[in-house]
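Residue numbers (our numbering), protein chains in the order written: chain A, 133 to 354; chain B, 133 to 354.
Virtual Cβ for every residue (Gly too), placed ideally from N, Cα, C.
Everything on this sheet refers to the single structure shown next.
There are 2 protein chains.
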Amino acid sequence: MSRVLYDLAGADESIRFSPFCWRTKLALAHKNLAFETTPWHFTEKDKIAFSGQSKVPVLVDGEKVVSDSHTIAEYLETTYPNEASLFGEPPARPLTTFIKAWTETVLHPALVPVLLADIHALLTPEDQAYFRQTRKGYYKRSLEDFAAHRAEAITLLNTAMKPLKSTLEKQPFLAGLAPNYADHIVFGALKWATTVSSTTLLEPNGVLERWMNAVLETYGLA
Amino acid sequence: MSRVLYDLAGADESIRFSPFCWRTKLALAHKNLAFETTPWHFTEKDKIAFSGQSKVPVLVDGEKVVSDSHTIAEYLETTYPNEASLFGEPPARPLTTFIKAWTETVLHPALVPVLLADIHALLTPEDQAYFRQTRKGYYKRSLEDFAAHRAEAITLLNTAMKPLKSTLEKQPFLAGLAPNYADHIVFGALKWATTVSSTTLLEPNGVLERWMNAVLETYGLA
Numbered sequence: 133m134s135r136v137l138y139d140l141a142g143a144d145e146s147i148r149f150s151p152f153c154w155r156t157k158l159a160l161a162h163k164n165l166a167f168e169t170t171p172w173h174f175t176e177k178d179k180i181a182f183s184g185q186s187k188v189p190v191l192v193d194g195e196k197v198v199s200d201s202h203t204i205a206e207y208l209e210t211t212y213p214n215e216a217s218l219f220g221e222p223p224a225r226p227l228t229t230f231i232k233a234w235t236e237t238v239l240h241p242a243l244v245p246v247l248l249a250d251i252h253a254l255l256t257p258e259d260q261a262y263f264r265q266t267r268k269g270y271y272k273r274s275l276e277d278f279a280a281h282r283a284e285a286i287t288l289l290n291t292a293m294k295p296l297k298s299t300l301e302k303q304p305f306l307a308g309l310a311p312n313y314a315d316h317i318v319f320g321a322l323k324w325a326t327t328v329s330s331t332t333l334l335e336p337n338g339v340l341e342r343w344m345n346a347v348l349e350t351y352g353l354a
Numbered sequence: 133m134s135r136v137l138y139d140l141a142g143a144d145e146s147i148r149f150s151p152f153c154w155r156t157k158l159a160l161a162h163k164n165l166a167f168e169t170t171p172w173h174f175t176e177k178d179k180i181a182f183s184g185q186s187k188v189p190v191l192v193d194g195e196k197v198v199s200d201s202h203t204i205a206e207y208l209e210t211t212y213p214n215e216a217s218l219f220g221e222p223p224a225r226p227l228t229t230f231i232k233a234w235t236e237t238v239l240h241p242a243l244v245p246v247l248l249a250d251i252h253a254l255l256t257p258e259d260q261a262y263f264r265q266t267r268k269g270y271y272k273r274s275l276e277d278f279a280a281h282r283a284e285a286i287t288l289l290n291t292a293m294k295p296l297k298s299t300l301e302k303q304p305f306l307a308g309l310a311p312n313y314a315d316h317i318v319f320g321a322l323k324w325a326t327t328v329s330s331t332t333l334l335e336p337n338g339v340l341e342r343w344m345n346a347v348l349e350t351y352g353l354a
């Protein structure tokens, strides 16, 4: 059976640079499936018209034509179940490491400029003095400066939260049908935010607010 | 047995806002373990001196004192193995959704401004005209404008890659000891970048370059 992948190429056809085609090439390799590639250029729409698509990757697997890298991955996982799983066990725990790293290197730093002055307002007088001094030490900016730029910080925060929103539009929890520690890590960040923020940060009844409530409901904490 | 969590509080002690304490509270709930909280203020270092820590969360679980939210999660997973797993099956696949969302909403958008003019240079003349026109349509910026701001775009890219670097400093692959589709998705993005970039984007022999080589070696593609 022949297996051919249409693969985006430069003028020099040895240059193959599409990130989506690369996903598919690795998925085929992971499944130990032999394949050939056909170099394809952006304007060669006619060459892949048979697929009903105007973009690559397009995989021709014997009689079957499949396009879109994620659809191809799902197709390979289903069609070749005896080969190594593309999504499978036991990587839940290592993938949680990425959620943690994202939370701590992106989400928390995006929240800090939004929340810092608000947190200060909530503290005991002793803690206020401590907080002002230590945060000035960490961030080299005053609380007043953070407060003055809060609107811009909220814009950046909304950008930072995109992968989270996108994921939770597709599935109820980061961990799937029920929350686990990956959800807990991110929930902590947003609970921090919504607890201390002087303004509404999450769209009321939007995907993030509904997810937070669902986490709490799971544990009888709502 | 008593189980007490020291929990960061505002002047109003009902306000509990630490993202790390929230992680721990949810982890305890996930494990169905009863606990009480003790409100704690930033400056009350003396109250938790027994833990050897100056920060919360600090969990006192009977005779055992554990601090740092991630250490606590590992402790709970090990100590209470018969309760629901904090990291466990089957969420590998749903967690991959987040990796995909991050790649497409953060990493790809961070790469586009760096790569666009470089990609153009690699294309056939027909594709160059197509590419210039369609990208101007998508991004409302010319290739020349992208090229002129490439240095700033690289700075932003390095910020965007932080969670990736941080994860791969801790483990060989996103999926753990061997790559899976989560690795493939992100690899695709960086392979795209390194294939087309006119300058070196990844630190030579740095964690990202070594990870990319290891992915290829896994599949005999190096």
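Just to check my reading of the structure: residue i and residue j have Cβ atoms closer than 8 Å, yes? What is that Cβ distance to the nearest angstrom?
i, j, result
"T170(A)", "V136(A)", "6 Å"
"T350(B)", "P311(B)", "6 Å"
"D315(A)", "A307(A)", "6 Å"
"M133(A)", "G194(A)", "4 Å"
"T237(B)", "S298(A)", "6 Å"
"T235(A)", "V318(A)", "6 Å"
"Q260(B)", "H252(B)", "6 Å"
Distance, Cα to Cα, residue i vs residue j?
i, j, result
"P226(A)", "D178(A)", "43 Å"
"P245(A)", "G320(B)", "33 Å"
"I231(B)", "P257(A)", "42 Å"
"L300(A)", "Y207(B)", "28 Å"
"S146(A)", "L165(A)", "21 Å"
"K110(A)", "T211(A)", "In the structure displayed, chain A extends from 133 to 354; residue 110(A) sits before or after that span and is not available."
"E176(B)", "F182(B)", "12 Å"
"T203(B)", "L191(B)", "10 Å"
"N214(B)", "L239(A)", "32 Å"
"R282(A)", "F263(A)", "18 Å"
"G352(B)", "R155(B)", "40 Å"
"A224(B)", "K272(A)", "40 Å"
"S186(A)", "R148(B)", "52 Å"
"L289(A)", "K196(A)", "43 Å"
"A161(B)", "Y313(A)", "11 Å"
"T332(A)", "P336(B)", "44 Å"
"T287(A)", "K302(A)", "23 Å"
"A280(A)", "G184(A)", "52 Å"
"Y270(A)", "E209(A)", "47 Å"
Go to residue i, then tell me how far its beta strand (DSSP E) extends in each direction, as first and last residue.
i, result
"T170(A)", "E168 to W172"
"S146(B)", "Careful: S146(B) lies outside any beta strand (DSSP E) and carries neither H nor E."
"R135(A)", "R135 to L140"
Short of 6 Å in beta carbon distance, which residues of its chain neighbour residue i, apart from the five on each side in sequence? Order them along the chain.
i, result
"A205(B)", "A159 and L218"
"F367(B)", "Absent from the structure is residue 367(B), since the part of chain B shown begins at 133 and ends at 354."
"E341(A)", "L334"
"S330(B)", "D250"
Just to confirm, are residue i and residue j a CB contact at a threshold of 8 Å?
i, j, result
"W172(B)", "A141(B)", "yes"
"K163(B)", "A216(B)", "yes"
"A233(A)", "L275(A)", "no"
"P304(A)", "A346(A)", "yes"
"L322(A)", "M344(A)", "yes"
"S201(B)", "F152(B)", "yes"
"V339(A)", "L254(A)", "no"
Just to confirm my understanding: we take residue i, look at its own chain, exclude 5 residues before and 5 after, and list those with CB closer than 8 Å. What are they?
i, result
"A285(A)", "A242, P245, V246 and F278"
"L348(B)", "A354"
What are the boundary residues of the alpha helix (DSSP H) that residue i is part of?
i, result
"S201(A)", "S201 to T211"
"L309(A)", "Element bounds for L309(A): n/a, residue is neither H nor E."
"V318(A)", "Y313 to V328"
"L218(B)", "Neither: L218(B) is in no alpha helix (DSSP H) and is coded neither H nor E."
"K192(A)", "Sequence inspection shows Val at residue 192(A); the Lys mentioned does not correspond to that position. No alpha helix (DSSP H) contains V192(A), which is instead part of the beta strand (DSSP E) from V190 to D193."
"S298(B)", "K294 to L300"
"E335(B)", "Neither: E335(B) is in no alpha helix (DSSP H) and is coded neither H nor E."
"Y351(B)", "Careful: Y351(B) lies outside any alpha helix (DSSP H) and carries neither H nor E."
"A253(B)", "H240 to L254"
"R264(A)", "P257 to Y271"
"E276(B)", "L275 to A280"
"L165(A)", "From DSSP, L165(A) is part of no alpha helix (DSSP H); its letter is neither H nor E."
Take residue i and list the residues in its own chain whose beta-carbon comes closer than 7 Å to its own, dropping the five residues that flank it on each side.
i, result
"V188(B)", "Y138, D139, L140, S150, C153, W172 and I180"
"T291(B)", "none"
Name, please, each residue of chain D whose Cβ falls closer than 8 Å to the Cβ of residue i.
i, result
"F149(A)", "Considering every chain present, this structure includes no chain D. Its protein chains are A and B."
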